[in-house]
Amino acid sequence: MGLEAKSGQIESIDNADDHITLIRLQWPQFAALAWQKYLSDGRGAMVIDLNRAGTEGSNLNVPSYYVADSSESLKQRGGWPDPDIAEVVRTYDPELDVVFVVLRLNGECFYYNVSDDPAPPKAYENAAVGSWQ
2 MGLEAKSGQI
12 ESIDNADDHI
22 TLIRLQWPQF
32 AALAWQKYLS
42 DGRGAMVIDL
52 NRAGTEGSNL
62 NVPSYYVADS
72 SESLKQRGGW
82 PDPDIAEVVR
92 TYDPELDVVF
102 VVLRLNGECF
112 YYNVSDDPAP
122 PKAYENAAVG
132 SWQ
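Add 1 to the 1-based position in the sequence shown for our numbering, that's all there is to it.
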């Protein structure tokens, strides 16, 4: 079961409940990518960009990507959008958690520090062997 934008409108999913639903639905993929990027680039956050989201029929396409703390990409963006996000990125446990920054349609951003099963290292291991358990 996927997350669908009601009436094809991205605005209908730009709320905290649907942000969490989107994260939970894609958790194994997000966690695997976050762990991979943590290993290669260091601490950071998964960014979910609702401003660039689109629908194709009933399919929802929401761009997401990893931004590492102290990366050139982060510098080009002017840093984290909020001091609280910067603090969470500095202190989260990458073996258990993934930090998400949701870029909202109204220009604001929400952030979430999420833990779920499988933990990021296990999600990455599962992805490497092609088994999403």
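Quick reminder that beta carbons are idealized off the backbone N, C-alpha and C, glycines included. Bear in mind the structure is a predicted one, so any value in this text is a computation, not a measurement.
DSSP, reduced to helix, strand and coil, places E96 outside both helices and strands of the structure shown, so it counts as coil. Note on the stretch 11 to 67: whole alpha helix (DSSP H) runs with a minimum of 4 residues are 17 to 26 and 28 to 42, in chain order. Boundaries of the alpha helix (DSSP H) around S74: E73 to Q77. The stretch 113 to 131 makes no contact with the stretch 67 to 81, as fewer than three CB pairs between them are under 8 Å.
For N107, DSSP assigns no beta-bridge partner whatsoever.
If you check the CB distance, R44 and V90 come in under 7 Å. Using a Cβ distance threshold of 7 Å, V63 and I86 do not count as a contacting pair. In terms of Cα proximity to I24, the closest of Q37, D118 and R78 is D118. DSSP places P119 in no alpha helix (DSSP H); its state is neither H nor E.
Listed as beta-bridge partners of A69 by DSSP are G45.
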